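Student: One line per chain: the protein sequences are S and C, in this order. Just so you know, numbering that gives the first Met the number 0 puts 331 at position 332 of the first sequence, and the rest follows in order with no gaps. Just so you know, numbering that gives the first Met the number 0 puts 346 at position 347 of the second sequence, and the rest follows in order with no gaps. Positions of the beta carbon are idealized from the N, C-alpha and C atoms, including for glycine. All values derive from a computational prediction rather than experimental measurement. Questions regarding the structure given below will be posed in turn.
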Amino acid sequence: MALDKTIHSAFARATGPENVIDDPVRCRAYECDGLTGYRVVPDLVLLPRDAAAVAAAVRVCAEHGVAFVARGAGTGLSGGALPVADGVVISLSRLRRILEIDPVNRRAVIEPGVTNLEITAAAAPHGLYYAPDPSSQQVCTIGGNVAENSGGAHCLKYGFTTNHVLATEVVLPDGSIVTFGGDSPEQAGPDLRGVFVGSEGTLGITTKITVRLLPTPETVRTLLADFPSIGAAGDVVSDIVAAGIVPAAVEMMDTLAIEAAEQAVHAGYTVGVAAALVVELDGPVEECEVQFDQVKRICDRHGCTRLHIAGSAEERAAIWRGRKAAFAAVGRISPDYFVQDGVVPRTRLGEVLDRIAAMGKAAGLRVANVFHAGDGNLHPLVLYNAAAGETERAERLSAQIAELCVELGGSLSGEHGIGTDKACSMPKMFSRDDLAVMQRVRDAFDPDGLCNPGKVLPTPRLCGERPGPYRPHPLEEAGVIERL
Amino acid sequence: MSTPTALRPTDLRGVRDAVLDSAGPLAIAGAGTAAWAGDLHPVDAVLDTTGLTGVIAHNPGDMTVSAYAGTPLRELNETLAAHGQRVALDAARVARGATIGGLIATADAGPAALARGSMRDLVIGATVVLADGTVARSGGHVIKNVAGYDLAKLLHGSYGTLGVLVEVVLRLHPVPKQTATLALDCPLAEAAGRAAPVLDGPYEPVAVEWRSHSSGDGSGPAATEAGRLLVRIEATPDALGARARRLLRALGSGATEAGAQEWAAHAERVRGRPEQAVLRLGARPSTLPGLLAALPGAATDAAALTLGVGTGVATAALPASAEDVVAAHHAVHAAGGTSVLRDRPAGLGAPAWGPPPSALRVFKAVKTALDPEARLGPGRFDPWI
Chain S
0 MALDKTIHSA FARATGPENV IDDPVRCRAY ECDGLTGYRV VPDLVLLPRD AAAVAAAVRV
60 CAEHGVAFVA RGAGTGLSGG ALPVADGVVI SLSRLRRILE IDPVNRRAVI EPGVTNLEIT
120 AAAAPHGLYY APDPSSQQVC TIGGNVAENS GGAHCLKYGF TTNHVLATEV VLPDGSIVTF
180 GGDSPEQAGP DLRGVFVGSE GTLGITTKIT VRLLPTPETV RTLLADFPSI GAAGDVVSDI
240 VAAGIVPAAV EMMDTLAIEA AEQAVHAGYT VGVAAALVVE LDGPVEECEV QFDQVKRICD
300 RHGCTRLHIA GSAEERAAIW RGRKAAFAAV GRISPDYFVQ DGVVPRTRLG EVLDRIAAMG
360 KAAGLRVANV FHAGDGNLHP LVLYNAAAGE TERAERLSAQ IAELCVELGG SLSGEHGIGT
420 DKACSMPKMF SRDDLAVMQR VRDAFDPDGL CNPGKVLPTP RLCGERPGPY RPHPLEEAGV
480 IERL
Chain C
0 MSTPTALRPT DLRGVRDAVL DSAGPLAIAG AGTAAWAGDL HPVDAVLDTT GLTGVIAHNP
60 GDMTVSAYAG TPLRELNETL AAHGQRVALD AARVARGATI GGLIATADAG PAALARGSMR
120 DLVIGATVVL ADGTVARSGG HVIKNVAGYD LAKLLHGSYG TLGVLVEVVL RLHPVPKQTA
180 TLALDCPLAE AAGRAAPVLD GPYEPVAVEW RSHSSGDGSG PAATEAGRLL VRIEATPDAL
240 GARARRLLRA LGSGATEAGA QEWAAHAERV RGRPEQAVLR LGARPSTLPG LLAALPGAAT
300 DAAALTLGVG TGVATAALPA SAEDVVAAHH AVHAAGGTSV LRDRPAGLGA PAWGPPPSAL
360 RVFKAVKTAL DPEARLGPGR FDPWI
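In structure tokens form, the structure reads like this:
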């Protein structure tokens with residue numbers, strides 16, 4: 000059932016008719032986010048230009064019972080911005096103003112459509128930067144970062160989005176505007192800002208964000224080290240932690256991921272080696288040098304076969320290019336792939352990788368591993384060939400890997416979010432009561448269930464009557480939605 | 000009025016039973032190190048969390064620990080120190096035996112919040128018992144985790160009105176190999192200017208605080224006129240000397256190396272004296288010195304002040320009068336900040352909270368969703384809830 004004319008014109012009045020897309024062909028551009036396997040074409044796409052228009056649009060939704068999905072740059076990897084059938088997409092891409100850079104108080108006030116990297120660019124003249132750095136930081140927006148509580152390679156030392164957001168103005172699902180948080184970390188009452196950040200667009204739409212800025216580190220030291228086994232590289236990470244060193248980043252790649260990245264960007268990684276570790280330290284020069292020497296010694300002690308220390312900004316950028324290219328590069332060695340985002344306690348990295356390897360073997364599929372070794376956040380890439388009919392097997396393996404992380408005491412997701420993708424796996428991690436309480440919190444914000452419905456928490460509609468391990472859901476079998 | 004029934008469970012099941020077996024208004028009490036927020040209304044029972052103590056699991060390699068919420072943070076950190084680890088929270092009440100659950104429920108923090116944040120930034124998982132006996136868990140044992148809503152954050156600053164924290168999982172930091180504290184005497188009005196090179200520079204201070212010299216007993220100069228700027232760094236032994244010297248230069252004339260006891264003196268002012276009304280307040284850092292100075296009684300020798308120069312979180316221990324507390328709340332609110340009354344003399348009769356924030360509606364809705372019979376902590380959010 001499409002939205003009727005009355006509702007359509009109400010939206011046009013709310014945002015201005017020129018900011019409404021109703022042409023199905025143009026709406027198709029919004030049918031999915033970075034998780035392209037799920038696609039739903041929205042009835043309307045609204046492109047409000049300011050917070051008041053967002054609120055007006057949401058009020059129309061509330062009045063007419065229309066479901067809405069907020070959307071930033073659409074780079075999310077969990078289907079968090081998947082449109083809802085008969086619903087509208089509210090794109091925040093035109094709320095792009097940097098409202099204030101306050102160097103004295105080291106903060107920025109921005110609208111949600113500003114990209115992550117634009118904040119740092121605006122702060123840089125003051126010797127400041129915005130710390131969370133998701134891989135997609137050139138294109139992903141701060142509004143999406145708030146929704147997903149985005150991390151990044153440097154969150155080991157600097158924390159996640161939630162640790163850097165001081166306040167957020169929010170349009171609630173009834174169309175009213177409130178502010179969570181404030182000018183200091185001190186808040187009156189519960190940390191609603193903390194509940195909102197990472198709620199994946201299910202509790203409201205952020206229209207203005209105040210973030211902390213940090214002084215740009217004086218020194219950054221980066222090394223790339225090769226090891227004859229994943230285990231040896233893992234031991235290095237353990238020893239770094241045991242030495243009381245908190246690196247800015249510790250990243251690991253396995254043979255397959257290195258091969259793919261090197262083919263793609265020629266960043267100087269050693270093809271054929273079992274494991275490569277990228278360790279980056281930053282901070283005051285004296286501290287950084289002392290600890291960097293310690294890290295080098297730890298690498299040597301564990302049989303490092305090659306230690307490459309970035310001698311210039313260009314060399315450092317090359318190391319990171321290799322690491323960041325790994326995802327896309329896997330496309331060169333496999334026609335299709337799924338990215339996973341599970342987390343395990345760091346000390347169980349060896350165990351989880353062994354089991355993933357065994358599971359991959361049993362499924363007859365290759366798995367490349369790229370991960371944030373410092374915090375146990377894995378990004379296994381399940382390689383498959385859809386044309387050869389491997390999709391279902393790959394999908395099952397991918398879900399099994401996420402659920403294995405939970406079994407080992409970890410989490411379904413470290414930074415990509417639950418979204419549509421993992422909602423049906425939530426009962427693996429949380430009890431019925433846990434989920435029911437989360438639902439109560441959600442209902443307190445959104446009593447009519449209009450705000451990004453179907454995401455995060457499992458619903459019988461998506462997961463079948465008995466929530467449980469992934470199985471093809473009824474809509475999929477009916478051909479209403481599909482996974483690649 | 001009859002004495003409330005005392006409930007002192009020692010495990011999760013005990014908490015659930017205590018909540019289910021009691022009826023009517025229920026208060027949650029920790030170590031009793033602070034009388035924060037609104038005065039409790041009469042309750043039928045008090046759930047004492049001090050029997051819920053001890054480490055459940057410490058994973059040194061993962062730098063996480065789970066512990067019962069009634070565990071005093073000081074004790075927990077003594078246990079963790081054997082592994083060179085700690086919960087990096089240095090709230091003034093910790094020395095008095097404050098529990099980890101109490102520190103979360105009251106959203107308390109200390110000077111190190113500049114670098115490490117408050118409990119909201121350190122809690123990675125929680126198990127909570129709601130007023131209807133429902134046991135809910137959120138988060139987990141890994142530092143990086145975005146699965147589901149973060150109920151621990153909801154409990155942070157809830158003052159025992161949304162649920163009983165039973166188990167808490169915390170992220171840990173290494174115990175620093177060495178620390179150094181640098182000090183500089185200056186009045187409140189100069190604190191921000193003197194601290195600016197440190198906060199804007201590449202020094203990675205873990206704490207930058209100003210405190211008044213006045214201890215509030217009326218024997219010293221006016222709180223606003225004389226005080227000390229304190230900067231703390233954590234370092235490896237080989238880097239400490241050079242970093243401290245560079246910081247001294249950044250701070251400029253009058254700066255000296257001081258001892259760790261400076262922080263005890265700071266904590267004393269945060270805690271205030273029994274006859275004072277102690278407010279905790281937050282505002283945009285650059286507005287805070289002026290705001291503090293204008294609070295009723297602040298510019299006298301009967302007040303004691305602390306100021307988180309980088310965080311924008313301050314405490315003002317003021318000569319107590321209910322009208323002055325009201326005036327202080329309004330002044331802070333007018334400056335875009337937020338304030339809460341913590342310790343104060345019994346029977347002061349001052350409101351704990353100022354004008355309500357725009358988010359109060361949401362808080363009320365959450366309160367109704369989680370505690371529909373309004374059993375928990377009645378009065379804590381007077382006059383808002």
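Using a C-beta to C-beta distance shorter than 7 Å, which residues of chain S count as neighbours of Val-93/C?
Tutor: One finds nothing in chain S with a Cβ atom closer than 7 Å to the Cβ of Val-93/C; even the nearest lies about 18 Å away.
Student: Shortest alpha-carbon distance to His-212/C belongs to which of Asp-199/C, Leu-121/C, Ala-316/C and Thr-52/C?
Tutor: Ala-316/C
Student: Is Leu-98/S buried or exposed, if buried means 16 or more other CB atoms sit within 10 Å of its CB?
Tutor: exposed
Student: The alpha helix (DSSP H) that contains Arg-331/S, what's its start and end?
Tutor: 312-332
Student: Our contact map puts Ala-108/C next to Leu-88/C with C-beta atoms below 8 Å; I'd like the distance itself, whole angstroms only.
Tutor: 6 Å
Student: Could you check which residue in Ala-330/C, Gln-84/C, Val-122/C and Arg-210/C has the C-alpha nearest to that of Ile-99/C?
Tutor: Val-122/C
Student: Could you tell me which of Leu-461/S, Phe-326/S, Lys-4/S and Arg-25/S sits nearest to Ser-424/S, measuring between CA atoms?
Tutor: Leu-461/S
Student: On the DSSP letters alone, give me the boundaries of the alpha helix (DSSP H) that Asp-184/C sits inside.
Tutor: From DSSP, Asp-184/C is part of no alpha helix (DSSP H) but of the beta strand (DSSP E) over 177-184.
Student: Could you confirm whether any beta carbon from chain S is found closer than 8 Å to the beta carbon of Asp-441/C?
Tutor: No answer is possible for residue 441/C: it lies beyond the span of chain C, which begins at 0 and ends at 384.
Student: Can you check whether the C-beta of Phe-147/S is within less than 8 Å of a C-beta belonging to chain C?
Tutor: Note on identity: in this sequence residue 147/S is Glu, with Phe being the wrong assignment. Taking Cβ atoms only, chain C reaches closer than 8 Å to Glu-147/S, which makes this a yes.
Student: Can you list, in chain order, the residues of its chain with a C-beta nearer than 6 Å to that of Asp-38/C? Leave out the 5 residues immediately preceding and following it.
Tutor: Gly-378
Student: According to a CB-to-CB cut-off of less than 7 Å, which residues of the region 283-296 of chain S neighbour chain C?
Tutor: Here the close residues are Pro-283, Glu-285, Glu-286, Val-289 and Gln-290.
Student: With a CB to CB cut of under 8 Å and the five nearest residues on each side skipped, what residues in its chain are close to Asp-43/C?
Tutor: Pro-3, Thr-4, Ser-21, Ala-22, Gly-23, Pro-24 and Leu-25
Student: With distances taken Cα to Cα, identify the nearest neighbour of Pro-102/S among Gly-335/C, Asp-184/C, Ala-195/C and His-82/C.
Tutor: The candidate whose alpha carbon is nearest that of Pro-102/S is Ala-195/C.
Student: Let me see if you follow: with CB-CB separation under 8 Å, is Phe-380/C close to chain S or not?
Tutor: yes
Student: Would Thr-310/C pass as an interface residue toward chain S - the criterion being a Cβ-Cβ separation below 8 Å?
Tutor: yes
Student: Grab me the residues of Ala-259/S's own chain with a C-beta within less than 7 Å of its C-beta, minus the 5 sequence neighbours each way, in chain order.
Tutor: Ala-325, Ala-328, Val-329, Arg-331, Ile-332 and Ala-367, listed in sequence order.
Student: Short of 8 Å Cβ to Cβ, which residues in the region 60-71 of chain C face chain S?
Tutor: So the close ones are Gly-60, Asp-61, Met-62 and Thr-63.
Student: Mind checking the region 343-365 of chain S against chain C and listing, in chain order, the residues whose C-beta falls within less than 9 Å of any C-beta there?
Tutor: If you check each beta-carbon in the region 343-365 of chain S against every beta-carbon of chain C, the ones closer than 9 Å belong to Val-343, Pro-344, Arg-345, Thr-346 and Arg-347.
Student: Gly-478/S: buried (16+ other C-beta within 10 angstroms of its C-beta) or exposed?
Tutor: Legend: pLDDT at Gly-478/S = 42, less than 50; position of this residue unreliable, no value from coordinates given.
Student: Buried or exposed: which applies to Gln-137/S, given that a residue is buried once 16 or more other Cβ atoms fall within 10 Å of its Cβ?
Tutor: Gln-137/S should be labelled exposed.
Student: Is there a C-beta anywhere in chain C that falls below 8 Å from the one on Ile-417/S?
Tutor: yes
Student: Which residues of chain C have a Cβ atom closer than 8 Å to the Cβ of Cys-154/S, listed in chain order?
Tutor: Lys-143
Student: Between Val-479/S and chain C, is there a C-beta pair that is closer than 8 Å?
Tutor: Note that Val-479/S scores a pLDDT of 41, beneath 50, so its modelled location is shaky and nothing firm can be said.
Student: Out of curiosity, what's the CA-to-CA distance linking Glu-475/S and Gly-86/S?
Tutor: With a pLDDT of only 45 at Glu-475/S, under the threshold of 50, the placement of this residue in the model should not be trusted; the figure read from the coordinates follows. Straight-line Cα distance between these residues: approximately 19 Å.
Student: Mapping DSSP to helix, strand and coil, what is Gln-399/S?
Tutor: helix
Student: May I ask you to report which of helix, strand or coil DSSP gives Phe-380/C?
Tutor: coil
Student: Are the Cβ atoms of Val-163/C and Ile-27/C separated by less than 8 Å?
Tutor: yes
Student: What number of angstroms, rounded off, separates the C-alpha of Gly-36/S from the C-alpha of Phe-337/S?
Tutor: 10 Å
Student: Between which two residues does the beta strand (DSSP E) holding Asp-335/S run?
Tutor: Taken as a continuous stretch (DSSP letters only), the beta strand (DSSP E) holding Asp-335/S covers 335-338.
Student: Which first and last residues belong to the alpha helix (DSSP H) in which Leu-43/S is found?
Tutor: For Leu-43/S, no alpha helix (DSSP H) encloses it; the enclosing beta strand (DSSP E) starts and ends at 43-45.
Student: Rounded to the nearest angstrom, what separates Glu-217/S and Val-196/S at their Cα positions?
Tutor: 30 Å
Student: Just checking: is the beta-carbon of His-140/C within a distance shorter than 8 Å of some beta-carbon in chain S?
Tutor: yes
Student: Going along chain C in order, which residues have a C-beta closer than 7 Å to the C-beta of Leu-411/S?
Tutor: Correct list: Ala-146.
Student: Within the same chain, show all residues whose beta-carbon is closer than 8 Å to that of Pro-344/S, passing over the 5 residues directly before and after it, in chain order.
Tutor: Correct list, in chain order: Gly-375, Leu-407, Gly-408 and Gly-409.
Student: Does the count of Cβ pairs from the region 83-97 of chain C and the region 168-179 of chain C closer than 8 Å reach three?
Tutor: yes
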